[in-house]
Every structure is written in structure tokens, then in C-alpha cells.
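A short write-up of the structure that comes next.
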Amino acid sequence: MNYCIFCEISNHQQPADIVFEDEQMIVFKDIKPKAAVHFLIVPKKHIDSIEALKEEDKELVSQMIFLAKKMAQEQGVSQTGYKLLFNVLRGGGQLIDHIHLHLIGGEVRP
């Protein structure tokens, strides 16, 4: 595996505005937010992208989605609406080679 900033954030080797962390996941604010709430839900297990998922990773992806739902509720956007977004590979807009889910809600920013 090459250098991975998300692995370094998960290991507290790089700074991030962390809003949630447990043994399997870390959630932090996007450094270029597109809305009032823009979090990245990142598993601590390194997986390059959706395309690299294996059958054994089903539960992990499910946990990401349920965690996003919980974070949306805590941030007060669950009633007004929010987006969940996986970018897949460079052609799909993925910039960091570590699977992550964007939670985007609230007032949109330019």
C-alpha cells in the first residue's frame, strides 16, 4: 500500500476535525465542505475503493451507511434531507484511494 492520508488520520498521525470515532470507523469534517454539514465516514480498514470491496466487506459498508444516518440525525439534517455519496475511482471523482462515504446536508456552499 502507498501513502494514505486517511490511514494516517485514523491513526492520529495527521490532524483532522474528528466528530466521531470508534474501533472500526472515523468521521471527520471535509476540508472543502460543499454544505453546512459535510463529513467523511471512513473505515479504519484500508480498502482502496468500492471496486476493491470483497464479499467479507458487506457488513463494513452497511456500518458506514448506518453511521451516516446517525450523524445526520445528530447534526439536525435528517428531517430536511441529506446526500450520501461514494466517489469511485478517478473517473468517478475519487481523489483519495481509501473508501469513504460523504455525508452532505444543510445549507449548500459554493
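Residue numbers (our numbering): 1 to 110. Backbone N, C-alpha and C define an ideal beta-carbon position, used for all residues, glycine too.
Own chain, CB closer than 6 Å to residue i, minus 5 neighbours either side, in chain order
i      : result
Glu8   : Gln14
Val108 : Ala35
Ile47  : Ile99
Ile111 : The displayed coordinates of the chain run from 1 to 110. Any statement about residue 111 would go beyond what the structure contains.
Ile18  : Phe28
Leu67  : Met25 and Ile41
Sequence-distant residues of its chain with Cβ nearer than 8 Å to residue i (five each side left out)
i     : result
Lys69 : Ser78
Backbone CA spacing between residue i and residue j [nearest angstrom]
i      : j      : result
Ile104 : Glu55  : 27 Å
Ser62  : Pro110 : 30 Å
Ala52  : Asp97  : 10 Å
Glu21  : Met64  : 12 Å
Residue from the options with nearest C-alpha to residue i
i     : options                        : result
Gly76 : Glu21, Tyr3, Glu59 and Val37   : Val37
Ile26 : Leu60, Pro110, Leu53 and Lys32 : Leu60
Lys44 : Asn11, Leu85 and Leu84         : Asn11
Cys4  : Ile18, Val42, Leu84 and Phe86  : Val42
Chain-order list of residues whose beta-carbon lies under 7 Å from that of residue i (same chain, five-residue window excluded)
i     : result
Ala72 : Ser78, Tyr82, Leu103 and Gly105
Asp57 : Ile47
Phe6  : Val42, Ile96, His98 and His100
Ile31 : none
Gln94 : Ser49, Asn87 and Val88
Under the three-state DSSP convention, the category residue i falls into
i      : result
Ile104 : strand
Ile65  : helix
Ile99  : coil
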